[in-house]
Amino acid sequence: MRLTETIKDLAVAPAAGYAATKVMDPISMKLYQLESDADRKREDTARPGLPYEIAAAKTLRLLGVDLPGTARQRAGMAIHYGLAISWAPVYSVLRRTIGLNPVLAGLASGAVMSLIVDEGLTPALRFSAPNRAYPLATHLRGFVAHLAYGLTVAAVTETAWKLTRRRP
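All the letters of the sequence shown, read from the start, carry residue numbers 6 to 173 under my numbering.
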């Protein structure tokens, strides 16, 4: 990939990551509502809070910054959307360097994000309870929601590339 192509791809990433999060969140919520009462109860009991809010609180504490409640919640949302935006270029890398088709690249980028971030880093950094504390339905819901994230990144990125005549 040439540097100019990379820079242009990075310009698309914020819109793709933001849109993908806007699609992923309601899908995740709908799937949560479809879970059994027992699974929802087990998840709610295990969850110490929203992982991105816990990440924000821990990060702010490390920096010696004390924010009031609403500002701390906004910091959590900044982490949530910031991660989504920063992960979006993974799709472009898969498309341009490996040559995966759009659907496979979208599914792969979403799946890898789910496995690395949700299943790996989030519990390892104690932004959530350990994985085994949650029912299987929680993990499957997260995985499916991240597949939707990846497919949305693909749709936004491919649309931008088509409009600018830059598709690989």
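Even for Gly, the Cβ is constructed at its ideal location relative to N, Cα and C.
Because the structure is a prediction, the values reported are computed rather than measured.
Specify, as a first and last residue, the run of the alpha helix (DSSP H) that residue i falls within.
i    : result
Y154 : L141 to L168
S114 : P107 to M118
What distance in whole Å lies between the Cβ atoms of residue j and residue i, which are believed to be in contact at a cut-off of 8 Å?
i    : j    : result
F148 : I59  : Actually they are not in contact, since the Cβ atoms of F148 and I59 sit about 21 Å apart, beyond 8 Å.
G81  : Y57  : 5 Å
A144 : M118 : The sequence shown places His at residue 144, rather than the Ala named in the question. At roughly 14 Å, the Cβ-Cβ gap does not stay under 8 Å, so H144 and M118 are not in contact.
A93  : A25  : 7 Å
V17  : T127 : That belief does not hold up - the Cβ atoms of V17 and T127 are roughly 26 Å apart, past 8 Å.
L36  : R170 : About 37 Å; that fails the 8 Å criterion.
A110 : A159 : 6 Å
A87  : S114 : Note on residue identity: the sequence assigns Gly, not Ala, to residue 87. The Cβ separation is near 17 Å, so there is no contact.
How many Å lie between residue i and residue j at the Cα?
i    : j    : result
L72  : A89  : 23 Å
E48  : Y139 : 5 Å
G125 : L15  : 25 Å
E10  : D44  : 45 Å
R100 : L55  : 32 Å
G22  : I12  : 16 Å
R137 : A116 : 19 Å
S33  : R79  : 20 Å
V98  : V70  : 35 Å
R172 : T64  : 38 Å
A134 : L168 : 43 Å
M29  : L8   : 30 Å
H85  : D123 : 12 Å
I121 : R77  : 25 Å
G104 : G74  : 45 Å
Give, in chain order, every unbroken run of the alpha helix (DSSP H) that is at least 4 residues long and sits entirely within the stretch 13-99. 42-51, 56-68, 74-92 and 94-98
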